[in-house]
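J.: I am attaching a structure below and will ask some questions about it afterwards.
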Amino acid sequence: MKLHIDTDTKTLVQITAEGERSLSLYSVEAFDLVSDLWVKLGWNAKYSYTFSWLGRPLIQLPEDVMRIQEVIFKVKPDVIVETGVAHGGSLILYASLFEAMGTMGRVIGVDIEIRPHNRRAIEEHPLSKRIDLIEGSSTAAEIVAQVKERIPEGSKVLVILDSDHSKRHVADELNCYHDFVTIDSYIVATDGLMAMVSDVPRGNPEWIYDNPMAAAEEFAAKHANFVIEQPAWPFNESELGKNISHWPGAWLKRLE
Ligand SMILES: C[S@@+](CC[C@H](N)C(=O)[O-])C[C@H]1O[C@@H](n2cnc3c(N)ncnc32)[C@H](O)[C@@H]1O
């Protein structure tokens, strides 16, 4: 695809194998095209590796942080389970939201390797009282059992999958964790963007089919009680409607 941007004539011309279309540079369509490209460039430049939350690095695009905040405030889960801890910034984010909302919410973080300096920093953080760390592969039966033990009966649960993003692993995680998710809450298969960044310098051609979005689609096709649905924006005084995100096709909502 070619994009020709002309700021003088205020047009954007998109050229693809199917043909050419000219758009007003200030149209929603042009904004979406430029945003998609910006997300690709940002992914390659590791833009999401430049942020921290209350002192801990979190590896997320800021818009995804805003959108998960909106969902957490709406759903008000009692427990958030996240696979993929890394430096712990996302666990601290969820804990800080529980603290700010004044709920009893707790966060369970699972990672195959919690490095000692990360564990220490998370355990010494003022919000650590809300966080349980479990070390091991997220799909190992004993690890899933440990997560289950920590979820009190009757809890409202949200699950975020942010560990190994191969289709196979995400599919296994969806099988292991979907039963924990409560009605009207979500299991979020993050980083579906891999499908769109297969052709960038840091990408991998296999990601076109080997990605979390593909796992989520197959899961939804087999589970009628889950639907892939971008959560509605609670506030929107624009004509925009599409998340600018590393998590396309990620939001699996439990219907019943
Ligand atoms: C993208 S990072 C997580 C980022 C973190 N959620 C954040 O927002 O800052 C992915 C993490 O998944 C972990 N991981 C990879 N394979 C895993 C597996 N099989 N089970 C659990 N964690 C795994 C890695 O060790 C790494 O820390």
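Residue numbers (my numbering): 1 to 256.
Think of the CB as a built atom: it goes at the ideal place given N, C-alpha and C, for glycine as much as any other residue.
Quick caveat: nothing in here was measured; it's all calculated off a predicted structure.
1. Quick check: the Cα distance between I266 and E99, rounded to an integer number of angstroms?
2. Taking the alpha-carbon of L158 as reference, which of Y177, P248, Q146 has the nearest alpha-carbon?
3. Within 10 angstroms of its Cβ, does W38 collect 16 or more other Cβ (buried), or is it exposed?
4. For a test of the three-state rule: what should DSSP assign to V34, helix, strand or coil?
5. Helix or strand or just coil, what does DSSP make of L91?
6. Taking DSSP as the reference, what is the three-state secondary structure of K46?
7. If you measure from the CB of G42, is any heavy atom of ligand 1 nearer than 6 angstroms?
8. At what residues does the alpha helix (DSSP H) containing F219 begin and finish?
9. For the beta strand (DSSP E) holding E82, just list the boundary residues, first then last.
10. Distance, Cα to Cα, S185 vs V65?
11. Which residue wins for smallest C-alpha separation from L135, given the options A86, P152, A250?
12. Is I15 near ligand 1, going by C-beta to nearest heavy atom under 6 angstroms?
13. Is the beta carbon of S90 less than 7 angstroms from the beta carbon of L58?
14. Among the residues of its own chain, which have a CB less than 8 angstroms from the CB of M1, if the five just before and after it don't count?
15. Give the straight-line distance between the Cα atoms of E70 and K76, rounded to the nearest whole angstrom.
16. Out of curiosity, what's the CA-to-CA distance linking E256 and L3?
17. Would you grab the beta carbon distance between P105 and R56 for me? Rounded to a whole angstrom, and I think it's under 8 angstroms.
18. Any idea if I80 is buried or exposed, counting beta-carbon neighbours within 10 angstroms, 16 or more meaning buried?
19. Could you check which residue in S198, A215, N243 has the C-alpha nearest to that of I208?
20. Where does K74 sit, in a helix, a strand or coil, going by DSSP?
21. What distance in whole Å lies between the Cβ atoms of I183 and R254, which are believed to be in contact at a cut-off of 8 angstroms?
22. Excluding the five sequence neighbours on either side, which residues of its own chain have a C-beta within less than 8 angstroms of the C-beta of P205, listed in chain order?
T.: On the basis of the data shown:
1. In the structure as shown, the chain starts at 1 and stops at 256, and residue 266 therefore has no counterpart that could be examined.
2. Start at 1 with the first residue of the sequence shown, and residue 158 comes out as number 158. Out of Y177, P248, Q146, Y177 has the C-alpha closest to the C-alpha of L158.
3. Here residue 38 refers to the residue found at position 38 of the sequence shown. When all chains shown are included, W38 counts as exposed.
4. Within the sequence shown, residue 34 is the residue found at index 34, counting from 1. If DSSP states are grouped into helix, strand and coil, V34 belongs with the helices.
5. Walking along the sequence shown from the start, residue 91 turns up at place 91. Helix.
6. As a first step, residue 46 is located in the sequence shown; it is residue number 46 there, counting from the start. Coil.
7. In the sequence shown, the residue the question calls residue 42 occupies position 42. Outside the cutoff, so no.
8. Sequence index remark: in the sequence shown, residue 219 carries index 219 (1-based). Start and end: 212–222.
9. For the purposes of this step, residue 82 is taken as residue 82 along the sequence shown, with counting starting at 1. That run of the beta strand (DSSP E) goes 79–83.
10. Counted from its first residue, the sequence shown places residue 185 at position 185. Counted from its first residue, the sequence shown places residue 65 at position 65. So the two alpha carbons sit approximately 17 angstroms from each other.
11. Within the sequence shown, residue 135 is the residue found at index 135, counting from 1. The amino acid at residue 135 is misidentified as Leu; the sequence shows Glu. For the residues A86, P152, A250, the minimum Cα distance to E135 belongs to A86.
12. Taking the sequence shown and counting its residues from 1, the one referred to as residue 15 is at position 15. Every heavy atom of ligand 1 is 6 angstroms or more from the Cβ of I15, so no.
13. As a first step, residue 90 must be located in the sequence shown, where it is residue number 90. As a first step, residue 58 must be located in the sequence shown, where it is residue number 58. It is a contact, given that the beta carbons lie within the stated cut-off.
14. By 1-based counting over the sequence shown, the position of residue 1 is 1. For M1, where only same-chain residues beyond five positions count, the Cβ hits under 8 angstroms are Q14, I15, T16.
15. To locate residue 70, count along the sequence shown from 1; it is residue 70. To locate residue 76, count along the sequence shown from 1; it is residue 76. So the two alpha carbons sit approximately 10 angstroms from each other.
16. Position 256 of the sequence shown holds residue 256. Position 3 of the sequence shown holds residue 3. Roughly 43 angstroms between the two C-alpha positions.
17. By one-based count along the sequence shown, residue 105 stands at place 105. By one-based count along the sequence shown, residue 56 stands at place 56. One detail in the question is off: residue 105 reads as Gly in this sequence, not Pro. The Cβ separation is near 18 angstroms, so there is no contact.
18. Locating residue 80 in the sequence shown gives position 80, where the first residue counts as 1. It counts as buried.
19. As a first step, residue 208 must be located in the sequence shown, where it is residue number 208. That would be S198, whose Cα lies nearest to the Cα of I208.
20. Taking the first residue of the sequence shown as 1, we reach residue 74 at position 74. If DSSP states are grouped into helix, strand and coil, K74 belongs with the helices.
21. One-based indexing of the sequence shown puts residue 254 at position 254. One-based indexing of the sequence shown puts residue 183 at position 183. Indeed, because the Cβ distance is near 5 angstroms, the residues count as touching under 8 angstroms.
22. Taking the first residue of the sequence shown as 1, we reach residue 205 at position 205. Cβ within range, chain order: S198, D199.
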